Amino acid sequence: MDSLNINQKTLLWLSLSGISNDKMSKLLDYFGSAHNLWDNFENEKLNLTILKTDIIDKLSENKSDFEEKLLEKLNIKKAEIVTIYDDEYPSKLKQIEGAPNLLYYKGNLNFINDISIAVIGSRKATSYGKWAAEKLTKELSEIGVNIVSGLAVGIDTIAHKTALKYNAKTYGIIGCGINVVYPKKNLELFKQISENDGAVITEYPFDIQPVAFNFHARNRIISGLSEGVLVVEAQEKSGTLITAGHAANQGREIFAVPGGINSLYSKGTNALIRDGAKITLSIDDIIEEILELKERVKLQNAFIDLSTLTDDEIRIMDSLKSGKNTVEELRQEIKMETGELLGNLTLLEMKGAIKVSADKISLNI
Amino acid sequence: MLSKIKTCVLYGLEGYEVDVETDLSGGLPNFNIVGLPDISIKESKERVRSAIKNSRFDFPVSRITVNLAPANLKKEGSQIDLPIAVGILTASKVIKPVDDETCIIGELSLDGRINAIDGALPMVISMRNNSFKRAIVPEDNKEECGAIEGIDIIPVGSISQLVSYLNGELTIDPFIYKYDFSLKQDYYSEDFSEIKGQPAMKRAVEIAAAGMHNILLLGSPGSGKTMIARRIPTILPDLTFEESLEVTKIYSISGMLSNKGLIVKRPFRSPHHTSSRTSMAGGGTKPRPGEVSLSHYGVLFLDEIPEFPKSVIEVLRQPMEDGKISISRASGSFTFPAKFMMVASMNPCPCGYLGDPTHDCSCTQRHIDKYLGKISGPLLNRIDIQIEVMPVKYDELKDDRVEETSEEIKKRIVKARNIQRQRYKDIGILTNSELSTKGVSKFCKVNKESELLLKNAFEILGLSARAYNKILKVARTIADLENFENVETKHIAEAIQYRNLDRKYWR
Numbered sequence: 000m001d002s003l004n005i006n007q008k009t010l011l012w013l014s015l016s017g018i019s020n021d022k023m024s025k026l027l028d029y030f031g032s033a034h035n036l037w038d039n040f041e042n043e044k045l046n047l048t049i050l051k052t053d054i055i056d057k058l059s060e061n062k063s064d065f066e067e068k069l070l071e072k073l074n075i076k077k078a079e080i081v082t083i084y085d086d087e088y089p090s091k092l093k094q095i096e097g098a099p100n101l102l103y104y105k106g107n108l109n110f111i112n113d114i115s116i117a118v119i120g121s122r123k124a125t126s127y128g129k130w131a132a133e134k135l136t137k138e139l140s141e142i143g144v145n146i147v148s149g150l151a152v153g154i155d156t157i158a159h160k161t162a163l164k165y166n167a168k169t170y171g172i173i174g175c176g177i178n179v180v181y182p183k184k185n186l187e188l189f190k191q192i193s194e195n196d197g198a199v200i201t202e203y204p205f206d207i208q209p210v211a212f213n214f215h216a217r218n219r220i221i222s223g224l225s226e227g228v229l230v231v232e233a234q235e236k237s238g239t240l241i242t243a244g245h246a247a248n249q250g251r252e253i254f255a256v257p258g259g260i261n262s263l264y265s266k267g268t269n270a271l272i273r274d275g276a277k278i279t280l281s282i283d284d285i286i287e288e289i290l291e292l293k294e295r296v297k298l299q300n301a302f303i304d305l306s307t308l309t310d311d312e313i314r315i316m317d318s319l320k321s322g323k324n325t326v327e328e329l330r331q332e333i334k335m336e337t338g339e340l341l342g343n344l345t346l347l348e349m350k351g352a353i354k355v356s357a358d359k360i361s362l363n364i
Numbered sequence: 000m001l002s003k004i005k006t007c008v009l010y011g012l013e014g015y016e017v018d019v020e021t022d023l024s025g026g027l028p029n030f031n032i033v034g035l036p037d038i039s040i041k042e043s044k045e046r047v048r049s050a051i052k053n054s055r056f057d058f059p060v061s062r063i064t065v066n067l068a069p070a071n072l073k074k075e076g077s078q079i080d081l082p083i084a085v086g087i088l089t090a091s092k093v094i095k096p097v098d099d100e101t102c103i104i105g106e107l108s109l110d111g112r113i114n115a116i117d118g119a120l121p122m123v124i125s126m127r128n129n130s131f132k133r134a135i136v137p138e139d140n141k142e143e144c145g146a147i148e149g150i151d152i153i154p155v156g157s158i159s160q161l162v163s164y165l166n167g168e169l170t171i172d173p174f175i176y177k178y179d180f181s182l183k184q185d186y187y188s189e190d191f192s193e194i195k196g197q198p199a200m201k202r203a204v205e206i207a208a209a210g211m212h213n214i215l216l217l218g219s220p221g222s223g224k225t226m227i228a229r230r231i232p233t234i235l236p237d238l239t240f241e242e243s244l245e246v247t248k249i250y251s252i253s254g255m256l257s258n259k260g261l262i263v264k265r266p267f268r269s270p271h272h273t274s275s276r277t278s279m280a281g282g283g284t285k286p287r288p289g290e291v292s293l294s295h296y297g298v299l300f301l302d303e304i305p306e307f308p309k310s311v312i313e314v315l316r317q318p319m320e321d322g323k324i325s326i327s328r329a330s331g332s333f334t335f336p337a338k339f340m341m342v343a344s345m346n347p348c349p350c351g352y353l354g355d356p357t358h359d360c361s362c363t364q365r366h367i368d369k370y371l372g373k374i375s376g377p378l379l380n381r382i383d384i385q386i387e388v389m390p391v392k393y394d395e396l397k398d399d400r401v402e403e404t405s406e407e408i409k410k411r412i413v414k415a416r417n418i419q420r421q422r423y424k425d426i427g428i429l430t431n432s433e434l435s436t437k438g439v440s441k442f443c444k445v446n447k448e449s450e451l452l453l454k455n456a457f458e459i460l461g462l463s464a465r466a467y468n469k470i471l472k473v474a475r476t477i478a479d480l481e482n483f484e485n486v487e488t489k490h491i492a493e494a495i496q497y498r499n500l501d502r503k504y505w506r
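Protein chains in written order, with numbering that gives the first Met the number 0: chain A, 0 to 364; chain B, 0 to 506.
What follows is the structure, encoded as structure tokens:
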């Protein structure tokens, strides 16, 4: 990052001086724009009731010399920032209440507006939870869904790792400064996420340590970045359920994996289901609820291999589209030997384009 | 006075030479047969006596002892009537001594006429192999025996005719029946062109016939399973002379030769599902071939295969593997050939309408599972092609489109069979279905692309592992039908279509 625009400069300055996101929003409201805030802060600072005087002093003190130091720091850590005024800012996040004004991130945000599902769960997952997280994440990854999670241990780690393994973009939202790796053993995972077209994202400035309250707040970003939140395992009172609560407030779909009623780690998820979360037995349950995803899967099945179809196969597809649906009809329409036709039908079936049953052949659309 | 006449008894399909020794001696008139005769031979005493009398010869008034040598071999069958009568007449000097290169078989009727016997053909063949020069056979058996070369067939109708012949007063020309197997044969009243529509089923059946693959037809009532099965013999290559002889032998000992001559039609056997194990495998105190042998070189059609008792189905396993069946009885062990193409049909569920678009199925899942469970894995393993058939729609039925005739299909099959025979001439098999696992990897090599297709098919379509070799064998036959040297990807792709029941019903 070479230089900052005025929005970025203003918000960074506020963030660095320890202004919380709420206060930041209030200040912006007060001044009308970041530009105005930057220009008129000194004139107005005595009238500000939003901030305590020591903070105002700190802001004044920081205003002149923070920029260069910070740019250097960002460059060393290979981190970048994006503000709510920038085009790169995740569009889904803009819609939520209390959207972070400033995000620090490592990696890139090129794909962050694609369909994403948050996969979250307990840190102390059971083997069932781990298995379910891996299976569902794998299947979601395979249909090209982004996986968002919280880079904590347990389910989060499995979600990220599985997504990476199956070439999905994955975004890790953390509750500390971008230069703080927590938990330490996920250092390698941090690196891989940012190097594989995903990103590690936080709203906290440098050096902020992971404290409980931060995690609480970052959960709204996890749900905010996703179309739906899949809760794999959760205890009765847990951060995971808080995320689910955020999701509900933000109008996101909530999916929960059911578990045994005697399992401590499924109490939360089972309660979610009781309260109206969608029970998730396979990713079909997720696909069904998310319209864009449903459309995409349909398209994938119908067109994913059209480029690889041979001329004969395309002729068969065309004929099927025109309403022919038995071997006899196809044979007459495209004048192909029965044997050859049957062979081509197998190939089409394997490509997922059609379904062959005894009485008819149907398109998989 | 002593006389010795050569005749023959059958064990399975093998004929054994038997000497009929007759001795006339003084003492109280008496008639004894020794040498392990069974009841049918003991009874022949009465037939022989009446037949000789009614032919206006004198029945000797003396002590008659007939010995059947070798004495340790059990003998049965009414064909010994005639040699006993000839033995008595020779011993009483009505007939000149008969040379030992002539064998005599035939059953007597009380008026002196000679009746047809069962198993004349295998007896004559065995006697020819034992270097007999001449066989005297009943008039009614001459057609089946006439085709055998290397032995003169002398057909006789009555004792008096035979006496004149043996005394040189009458000449009977050896009967020769020439079959021209190269001629176009048209024995079947059914034809493939009568089946409207159903291209996939026809294709599957054609492939099955070309590679002699066993096939399972699954479909609701009225979908034409039986109709197509009955027409399979019409597309199989014509029997060769050797094959015809073998089939005729089996029918000969079963007494099932209706048209007398050699059997030239491929057998089609359709045993009912109430058939017993013995009727299927063969057996009985006097072992007779069962259905598996009667369908040798032809088609064994098992309609409604789940209705067959498990024990009956299980006896099919040996013949399907070895092409023959061994039956062990107290009297010995018999082996009959049984190389057949099995065509099985079944409904998809007990009521028959599962998956039928026009009827409701009234079965519970439990019933369906139980029904399908009757087909054991080992049996399924031996069925290369499975195809699901659907009822024909009305407008396809009334359609007067011209369908291919059996003749046209047969031509392609004959071609494919020739290719197979040529390829396997060194390993002693005739068709792809007989390939062993080793043979499959040698003769059904596939390229990388096909390998990948197969791998994907297993994963995506959920085929079971047992399908692997079957697909390769069937693909080999498809390649042969299309005259391809190597199995190509498209052949594999088509072969996969013929395993779709595997994934749907027996997953």
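Heads up, the beta-carbon is just placed ideally off N, CA and C, and yes, glycines get one too.
In this text the structure is predicted, and so the values were computed from the model without any measurement.
For residue i and chain A, any beta-carbon pair shorter than 9 Å?
i	result
glutamate 484/B	no
histidine 272/B	no
leucine 460/B	yes
histidine 212/B	no
glutamate 193/B	no
alanine 228/B	no
arginine 416/B	no
lysine 201/B	yes
arginine 506/B	Because arginine 506/B carries a pLDDT of 46, less than 50, the predicted location of this residue cannot be relied on, and no value is offered for it.
histidine 490/B	yes
Step through the CB atoms of chain B and report whether any lies within less than 9 Å of the CB of residue i.
i	result
valine 326/A	yes
threonine 345/A	yes
methionine 316/A	no
glutamate 141/A	no
valine 355/A	yes
glycine 322/A	no
threonine 337/A	yes
Assign residue i to buried or exposed, taking buried as 16 or more other Cβ atoms, counted over all protein chains shown, within 10 Å of its Cβ.
i	result
tyrosine 103/A	buried
aspartate 80/B	buried
aspartate 479/B	buried
alanine 50/B	buried
phenylalanine 302/A	Here phenylalanine 302/A scores only 48 on pLDDT, less than 50, and its place in the model should not be relied on; the value that follows carries that caveat. Label assigned to phenylalanine 302/A: exposed.
threonine 170/B	exposed
threonine 436/B	exposed
glycine 11/B	buried
glutamine 249/A	buried
valine 401/B	exposed
leucine 271/A	buried
histidine 271/B	exposed
glutamate 290/B	buried
Which residues does DSSP pair with residue i in a beta bridge?
i	result
alanine 243/A	Alanine 243/A pairs with nothing; no bridge assigned.
glutamine 385/B	Leu215/B
isoleucine 152/B	Ala134/B
phenylalanine 335/B	Ile324/B
threonine 64/B	Asp22/B and Asn31/B
threonine 101/B	Arg133/B
leucine 102/A	Val81/A
Tell me where the beta strand (DSSP E) around residue i begins and ends.
i	result
asparagine 29/B	29-33
asparagine 53/B	Careful: asparagine 53/B lies outside any beta strand (DSSP E), inside the alpha helix (DSSP H) at 43-53.
methionine 345/B	340-345
alanine 203/B	Segment 198-210 is the alpha helix (DSSP H) holding alanine 203/B; no beta strand (DSSP E) there.
Along the alpha helix (DSSP H) that carries residue i, what are the first and last residues, could you check?
i	result
cysteine 7/B	Looking at the DSSP string, cysteine 7/B is not in any alpha helix (DSSP H); the run it does join, the beta strand (DSSP E), is 1-10.
leucine 10/A	5-15
glutamate 141/A	126-141
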